[in-house]
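*Asks:* First, the structure itself, so that you have it in front of you.
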Amino acid sequence: MTEIPAAPPEPLPAGWYADPQSQDAAALRYWDGSKWTDKIAATSVENTPKKPPGVRRSLVLWIGVIAVVMAATAASLGVWNLTVAQIFQDKTTVIDQQTETLQEETDELNAS
């Protein structure tokens with residue numbers, strides 16, 4: 013029997029994985045969390061991880077990046093909306109003041 017590789021490239025949880033020594037793509041070998049065992053299966057086994065943990069980490073990373081981008085976008089839109097609201101509030105205040113001044117001048121002209 014040839015020597016089984018010591019460990020996969022990154023730490024994996026215990027479970028059934030593709031046999032690193034088999035030519036058969038469907039062959040699985042059990043990884044106990046620290047070393048390969050002599051347990052071999054010729055076909056898929058229930059509870060076999062569908063994707064290696066690295067793929068899962070990548071998915072989690074992408075979800076995190078998307079969440080951060082969405083939060084930053086929402087925050088910047090909120091600031092922009094506040095700025096626009098302040099501009100319109102300032103213009104409304106100026107218009108109200110001008111309207112009041114015109115009303116006073118109109119009242120003065122009507123009184124004379």
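In the numbering used here, the protein residues as written are 13 to 124. All residues carry an ideal CB built from backbone N, CA and C; glycine is no exception.
1) What is the rounded straight-line gap between the Cα of residue 107 and the Cα of residue 121?
2) Compute the distance between the beta-carbons of residue 31 and residue 39, then report whether it is under 7 angstroms.
3) Are residue 69 and residue 52 closer than 7 angstroms when you measure CB to CB?
4) From residue 82 to residue 24, what distance separates their C-alpha atoms?
5) Kindly indicate which three-state DSSP category residue 76 falls into: helix, strand or coil?
6) How would you call residue 43, buried or exposed, if buried means at least 16 neighbouring beta carbons within 10 angstroms?
7) For residue 45 and residue 29, I'd like the C-alpha separation in whole angstroms.
*Replies:* In short, the structure shows the following:
1) Stepping through the sequence shown from its first residue, residue 107 is reached at position 95. Stepping through the sequence shown from its first residue, residue 121 is reached at position 109. Roughly 21 angstroms separates the two Cα atoms.
2) As a position in the sequence shown, residue 31 is number 19, starting the count at 1. As a position in the sequence shown, residue 39 is number 27, starting the count at 1. Their beta carbons are under 7 angstroms apart, which means residue 31 touches residue 39 by this criterion.
3) Position 57 of the sequence shown, counted from the first residue, corresponds to residue 69. Position 40 of the sequence shown, counted from the first residue, corresponds to residue 52. Cβ atoms of residue 69 and residue 52: not closer than 7 angstroms.
4) Here residue 82 is taken as the residue at index 70 of the sequence shown, counted from 1. Here residue 24 is taken as the residue at index 12 of the sequence shown, counted from 1. Residue 82 and residue 24: Cα-Cα distance of roughly 32 angstroms.
5) Looking up residue 76 in the sequence shown gives position 64. Correct three-state label for residue 76: helix.
6) Against the sequence shown, residue 43 aligns to sequence position 31. By the Cβ-count criterion, residue 43 is buried, with 16 or more other Cβ atoms from all chains shown falling within 10 Å of its own Cβ.
7) Locating residue 45 in the sequence shown gives position 33, where the first residue counts as 1. Locating residue 29 in the sequence shown gives position 17, where the first residue counts as 1. Each residue's Cα considered, the two are about 11 angstroms apart.
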